[in-house]
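Working notes for the structure below.
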Amino acid sequence: MDDHAARIKALIAHQPAGPDAGTGTAGFLQRLCAAATRTLGVSGVGVTLMAEDGVRGLATASDPATERLEEVQFVLGEGPCIDAFEARRPVLMPDLTDRALSRWPVYTPTIHDSGVRAVFAFPLQVGASRLGVLDLFRTTPGPLTAAQLAQALVFADVAVGTLLDGQERAGPGAAADGLDEAMDSRAELFQAQGMVMVQLGVPLAEALARLRAYAYAESLPLAEVARDVVARQLRFDRDHA
Amino acid sequence: MTTVSAQRLVRVFVEVADTLVDEFDLIDFLHMLTARTATLVDAAAVGLLLADQRGQLEFLAASDETTKLLELFQVQTSEGPCLDAFHTATPVVNADLADAASRWPRFAPRATAAGFHSVHAFPLRLRSQVIGALNVFGREPGPSLAAADVPIVQALADVAAIGLLQERAIRRGELLTEQLQGALNSRIIIEQAKGAIAQARGVNVDEAFTLIRTYARAHSRRLSDIAHTIVTEPAQIPELFNP
């Protein structure tokens with residue numbers, strides 16, 4: 058998985074920024090959307106960040122038209138973003154049939170009028186920590202291929218990693234993100250997240266970010282930090298770890 | 002001769018078939034399947050791994066989820082009987098762990114250290130696709146699965162594969178993707194909840210899991226729901242954090 062994420066990050070690093078991309082995280086996410094559009098063979102990609110109660114935060118997209126498709130979901134109170142975030146799982150609509158219409162009675166005709174014929178939404182989350190949604194829009198109907206689906210999930214992982222780190226981690230040489238860590242220690246990583254959440258008395262997302270920041274600052278593999286936390290050899294206090 | 006009791010087998014098939022109707026919780030279903038299989042063939046432990054869309058085998062549920070076993074299931078994303086069964090689409094039966102060190106250099110010694118003697122893995126097959134593997138750990142030394150039981154467990158694995166999909170999904174796979182990603186995420190939430198309770202109650206994660214599961218059963222709630230509440234709204238269940 059390290060290779061996939063590294064490749065996707067390289068793609069993003071080489072993506073020229075859109076005109077209003079902005080800097081830092083917003084800029085990175087805009088470039089992620091643009092790179093995803095090209096790689097996944099879709100017409101537009103958007104990322105909307107959402108608070109735990111579903112309130113819409115920062116939104117970026119590959120292009121202005123897609124930005125509007127993202128926005129309109131929150132105006133109407135329905136759409137793939139909202140459903141995927143709510144259900145904590147992807148929402149895949151390979152064509153806008155009755156299923157889409159009954160789910161989103163107003164949103165479906167709206168995006169249909171804009172030429173969209175398929176939409177795929179992937180929640181950006183790590184367990185119970187929800188950050189937002191990655192939306193893919195396509196003007197032709199049909200499912201994502203297995204390869205496109207796998208890549209979309211990697212784009213989502215890279216987006217989550219970037220959001221948790223609060224900064225750009227571009228470049229193929231960057232250290233592997235926590236989500237790519239060795240399969241062996243995955244359970245420990247998530248257990249450590251829960252422990253740090255209670256140790257610090259903060260929301261889960263912040264616990265995730267603190268663990269990653271510590272690993273990065275100490276140049277340690279995240280898996281090792283997690284192991285130490287679970288073994289009770291490392292504790293996070295409000296002031297420091 | 003088979004070890005498997007016909008009566009029990011019928012009951013398991015009925016339970017599995019039940020998944021073909023209505024919404025169901027994937028993690029619950031997989032827990033049920035692994036628990037029933039373990040009882041049916043008198044296994045020490047049974048686990049289930051499913052392939053995600055990246056083609057990686059991911060552990061999802063087991064009849065016994067203590068930390069030691071978790072490690073054994075998780076290491077099989079890179080080598081082991083499940084990976085072999087997954088790639089070859091044929092069962093791995095009665096593999097002697099003492100002899101398997103060169104075949105599975107990371108998995109075999111760990112499995113032996115955990116006290117197991119034999120291991121089996123059955124691919125979950127659906128038409129031309131293999132979507133995962135069912136892992137069975139035997140108790141006694143020597144072959145622990147009778148020849149006549151092998152096709153029965155394989156049939157169970159295959160029926161489970163069917164039970165994971167609804168009609169549309171068989172044609173297109175969207176529903177499986179959605180369910181699988183949802184279940185993988187639920188799995189993560191369970192681990193996060195274990196950590197939270199372990200920290201709050203000053204116990205290890207295995208004990209924390211027992212506390213969570215006991216609470217869920219006592220209140221007739223789903224394990225995934227309680228786990229979610231633990232890590233998002235801890236104030237709602239103070240008795241789990243501070244009895």
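Here the protein sequences line up with chains C and E, keeping their order.
Residue numbers for the first sequence follow this note's numbering, beginning at 58 and rising by one.
Residue numbers for the second sequence follow this note's numbering, beginning at 2 and rising by one.
Where a beta carbon is used, it is the ideal one built from N, C-alpha and C, also for glycine.
What residues of chain C sit near residue i, judged by a beta carbon separation below 8 Å?
| i | result |
| --- | --- |
| G48 of chain E | Neighbours of G48 of chain E on chain C: none; closest Cβ ~13 Å, over 8 Å. |
| T233 of chain E | E109, A185 and L261 |
| L71 of chain E | A244 |
| A197 of chain E | G251, M252, M254 and V255 |
| V120 of chain E | Within 8 Å Cβ-Cβ: nothing; V120 of chain E doesn't reach chain C, min ~18 Å. |
If residue i and residue j are in contact, beta carbons under 8 Å, what's the gap, nearest whole angstrom?
| i | j | result |
| --- | --- | --- |
| L127 of chain E | I163 of chain E | 6 Å |
| Q205 of chain C | A199 of chain E | At roughly 39 Å, the Cβ-Cβ gap does not stay under 8 Å, so Q205 of chain C and A199 of chain E are not in contact. |
| R187 of chain C | M107 of chain C | 7 Å |
| L279 of chain C | L221 of chain C | L279 of chain C to L221 of chain C, Cβ: 11 Å. No contact. |
| I69 of chain C | R95 of chain C | Contact doesn't hold; Cβ gap of about 11 Å is too wide. |
| T78 of chain E | D207 of chain E | With a Cβ gap of about 21 Å, T78 of chain E and D207 of chain E do not count as contacting. |
| V282 of chain C | A272 of chain C | 5 Å |
| P92 of chain E | A112 of chain E | That belief does not hold up - the Cβ atoms of P92 of chain E and A112 of chain E are roughly 17 Å apart, past 8 Å. |
| E124 of chain C | G111 of chain C | Going by Cβ atoms, the distance from E124 of chain C to G111 of chain C rounds to 19 Å, so no, they are not a contact pair. |
| A46 of chain E | D65 of chain E | 5 Å |
| F131 of chain C | M150 of chain C | Contact flag wrong, Cβ pair sits at about 18 Å. |
| A115 of chain E | L73 of chain E | 6 Å |
| G133 of chain E | L70 of chain E | Rounded, the Cβ-Cβ distance is 17 Å, inconsistent with contact. |
| Q193 of chain E | G184 of chain C | 5 Å |
Within the continuous alpha helix (DSSP H) that includes residue i, where are the two ends?
| i | result |
| --- | --- |
| D29 of chain E | L27 to L41 |
| D192 of chain C | Where D192 of chain C is concerned, there is no enclosing alpha helix (DSSP H), although the beta strand (DSSP E) it sits in stretches over S186 to R195. |
| G103 of chain C | Counting along the chain, G103 of chain C falls outside any alpha helix (DSSP H), though it belongs to the beta strand (DSSP E) covering G101 to M107. |
| V206 of chain E | V206 to A219 |
| A116 of chain C | That residue, A116 of chain C, is in no alpha helix (DSSP H); its beta strand (DSSP E) goes R113 to A118. |
| V303 of chain C | Look at the range of chain C in this structure, 58 to 298, and you will see that residue 303 of chain C is not part of it. |
| D110 of chain C | Counting along the chain, D110 of chain C falls outside any alpha helix (DSSP H), and DSSP gives it neither H nor E. |
| V217 of chain C | A203 to D222 |
| H169 of chain C | Y164 to D170 |
| S159 of chain C | D155 to R160 |
| A93 of chain C | G81 to L97 |
| E143 of chain C | P137 to A144 |
| H71 of chain C | No alpha helix (DSSP H) holds H71 of chain C; DSSP gives it neither H nor E. |
| V232 of chain E | L224 to T233 |
What does residue i touch in chain E if you count any residue whose Cβ is under 8 Å from its own?
| i | result |
| --- | --- |
| L206 of chain C | Q54 and T178 |
| H61 of chain C | R55 |
| R215 of chain C | For clarity, residue 215 of chain C is Val in the given sequence; the question names Arg instead. By Cβ distance, chain E contributes nothing, its closest Cβ being about 13 Å from V215 of chain C, past 8 Å. |
| V176 of chain C | Chain E residues near V176 of chain C: none, gap ~12 Å exceeds 8 Å. |
| V190 of chain C | In chain order: nothing, as chain E lies at least about 13 Å away. |
Determine the extent of the beta strand (DSSP E) in which residue i is found, giving its start and end residues.
| i | result |
| --- | --- |
| V176 of chain C | A175 to V183 |
| E240 of chain E | Taken as a continuous stretch (DSSP letters only), E240 of chain E belongs to no beta strand (DSSP E), being part of the alpha helix (DSSP H) at P239 to F242. |
| V47 of chain E | A46 to A52 |
| V148 of chain C | V148 to M150 |
| L61 of chain E | L58 to A63 |
Which residues in chain C have a C-beta closer than 7 Å to the C-beta of residue i? List them in chain order.
| i | result |
| --- | --- |
| I190 of chain E | G184 and A185 |
| A194 of chain E | G251 |
| Q182 of chain E | R146 and P147 |
| V13 of chain E | Residues of chain C passing the Cβ test: none, with the nearest at roughly 27 Å. |
| R131 of chain E | It should be pointed out that residue 131 of chain E corresponds to Val in this sequence rather than to Arg. By Cβ distance, chain C contributes nothing, its closest Cβ being about 13 Å from V131 of chain E, past 7 Å. |
| V93 of chain E | Under the 7 Å cutoff, chain C gives no residues; its nearest Cβ is about 20 Å from V93 of chain E. |
Just to make sure I have the definition right: I need the residues of chain E whose C-beta is within less than 7 Å of the C-beta of residue i. Which are they?
| i | result |
| --- | --- |
| L149 of chain C | E175, T178 and E179 |
| L210 of chain C | Q54 and R55 |
| V173 of chain C | Simply none; closest approach about 17 Å. |
Which bits of chain C does residue i rub up against, with CB to CB less than 9 Å?
| i | result |
| --- | --- |
| N186 of chain E | R145, R146, P180, Q182, V183, G184 and A185 |
| V42 of chain E | What V42 of chain E touches in chain C: nothing, since even the nearest Cβ is about 26 Å away. |
Strictly below 7 Å CB to CB, what residues from chain A border residue i?
| i | result |
| --- | --- |
| A201 of chain E | No chain A is present in this structure, whose protein chains are C and E. |
Minimum length 3: unbroken beta strand (DSSP E) runs contained in the stretch 71 to 156 of chain E
93 to 97, 119 to 127 and 130 to 139
Using Cβ-Cβ distances below 7 Å, what residues of the stretch 239 to 271 of chain C are close to chain E?
M240, D241, R243, A244, F247, Q248, A249, Q250, G251, M252, M254, V255, Q256 and L261
Restricting to runs no shorter than 3 residues, where is the beta strand (DSSP E) found entirely within the stretch 240 to 297 of chain C?
none
Between the stretch 212 to 233 of chain E and chain C, which residues of the former have CB atoms less than 7 Å from a CB of the latter, in chain order?
H229, V232 and T233
Quick one: which residues of the stretch 86 to 118 of chain C get their C-beta closer than 9 Å to a C-beta of chain E? List them in chain order.
E109
Give me the subset of the stretch 148 to 159 of chain E whose CB atoms are less than 9 Å from a CB atom of chain C, sorted by chain position.
Using a CB distance below 9 Å, no part of the stretch 148 to 159 of chain E faces chain C.
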